[in-house]
Amino acid sequence: MLREKNSELSVGLFVLLSFFALLFVTVQTTSLNFKNNSGSYRLNASFSDINGLSVKAPVRIAGVKIGEISQINLNHETYQADVSLIIYDSNIKIPKDSVMSILTEGVVGSKFVSIEPGFDAEMLTNDGTIGKTKPSLAIEQVINEAIAIFATKE
Amino acid sequence: MFFYTLSIAIPRKKIEWYQIILQMYYIGAQTISIIVLSALFVGSVLAIQGNYILGMFAATDQLGQFVALSVLRELGPVISGLLFIGRAGSTITSEVGIMKLTDQINALRSMDVNIKRYLLYPRFIGTFISLPLLTMLFNAFAIIGAFLISYYSLGLDKGMFLISINRYVSFWDDVLAGLFKTLFFGLITGTIALYYGINSINSSTGVALASTKTVVYSSIAILLCDYILTSMLMRLW
């Protein structure tokens, strides 16, 4: 009888331990950002160059992640990249004259979108469009400009 | 074919719950120690090798991602599957084979016990449930092993290790895709082990041969199945 109890106990422990292990891996891989979709809203913006920005890239204000890129499409008329992004929390309101720019983490890191809040009293609502955007600076462009500047100096 | 006969043997009325739990104890719970131990070493080795490879690109910050992706996507399911075959698959085959050799199966049959329901099915279900659970353990302990080595032995930053896992490892594409594969590995191992056990030749050499065959064929089958499943999951087909 004792033997039976022992085996039942260890099977229970085995299952529990395994699920704790799965929980551990889950917590490590997801940022525990159980975003409630009810409170989130969508914004649109178009860029002249997104240069490697990808879907699910973070959206940040002052370095804090507040949302992610949900869709990237090419606009057939303007040849601009139409980007839509999800802001997780509807309590985070973004002024209408905010500027969106694509920045890079570190020198060769991945791209993310940064929003610089403006001073307009009017806030963007769901499906609103941010008018002012700054395209991503490609490292090649920067080098070309630097070479041009040095060439004129001489 | 044998898988088919096994699956139609799934009892409709009475399930031997106690037998299933007992088999999960023998198959799963007693395999924990070797799974955990080898996971720690696999993780440590990956950390050391990854540190060497990533060091060439001055990218040792990404070690966590390197280890987690290799373990979760490939090494976790495959290595725990292979260890599981060695530890549990051979045990099942020789146990069933010896039961057959010593006429225990005939004795049960003469007492009108349903062999499939009482002997084979609990072992099959035990394998099927245990292997994914063991893989979860393997995954976690391999990452823990890599973390400990990279922090204490290689002197890397522990925050960057965890952040790189968090940022680049996806739960659906990496963690669950890996565990999805182990479901198939469990089916394969259980079927092959029971097939060779119940069909072993009635002699001591026959049982030994049967457990060798189990180990060899299910290892090959797992690796082949892994290739097929991975190319399907990566949408190469």
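Just so you know, the sequences run in chain order A and B.
Take 265 as the starting number for the first sequence in this note's numbering and just add one per residue.
Take 302 as the starting number for the second sequence in this note's numbering and just add one per residue.
Think of the CB as a built atom: it goes at the ideal place given N, C-alpha and C, for glycine as much as any other residue.
Keep in mind it's a predicted model, so treat the numbers as computed, not measured.
Rounded to the nearest angstrom, the Cβ distance from S271/A to L323/B is 6 Å, consistent with a contact under 8 Å. With a cutoff of 8 Å on beta-carbon distance, T416/A and V476/B are scored as not near each other. Using a CB distance cut-off of 8 Å, S318/A does not count as an interface residue toward chain B.
By the neighbour-count criterion, in which 16 or more other beta carbons inside 10 Å mark a residue as buried, Q363/B falls on the buried side.
The C-alpha of I502/B lies about 55 Å from the C-alpha of K459/B. Listed in chain order, the non-local C-beta contacts of K396/A below 6 Å within the same chain comprise V363, local neighbours out to five positions each way being set aside. V328/A has a beta carbon lying at 8 Å or more from every beta carbon in chain B. Annotation: the continuous alpha helix (DSSP H) that includes L463/B extends over 459-469. In summary, Y453/B is exposed, with fewer than 16 beta-carbon neighbours lying within 10 Å of its beta-carbon over all protein chains present. Around the beta-carbon of I403/A, fewer than 16 other beta-carbon atoms lie within 10 Å, marking it exposed. In the structure shown, the three-state DSSP call for A326/A is coil. Annotation: the continuous beta strand (DSSP E) that includes G392/A extends over 392-394.
Boundaries cannot be given for V319/A, as no beta strand (DSSP E) includes it and DSSP labels it neither H nor E.
M364/A has I379/A, T397/A as its beta-bridge partners, per DSSP. If you ignore the 5 residues before and after G398/B, its C-beta comes within less than 6 Å of the C-beta of G498, S501, V508, A511, all in its own chain and listed in chain order. Distance from the Cα of D391/A is smallest, within the candidate group V406/A, V377/A, L349/A, for L349/A.
Setting aside the 5 residues that flank it on each side, L480/B is surrounded in the same chain by P378, P433, T436, M437, each with a C-beta closer than 8 Å to its C-beta; the list follows chain order. No Cβ-Cβ contact shorter than 8 Å links A443/B with G365/B.
By the beta-carbon neighbour count (other beta carbons within 10 angstroms, threshold 16), Q292/A is buried. Between T368/A and chain B, the shortest Cβ-Cβ separation is not below 8 Å. Within the same chain, Cβ atoms closer than 8 Å to the Cβ of L383/B are found at S520, I523, the five residues on either side in sequence being excluded.
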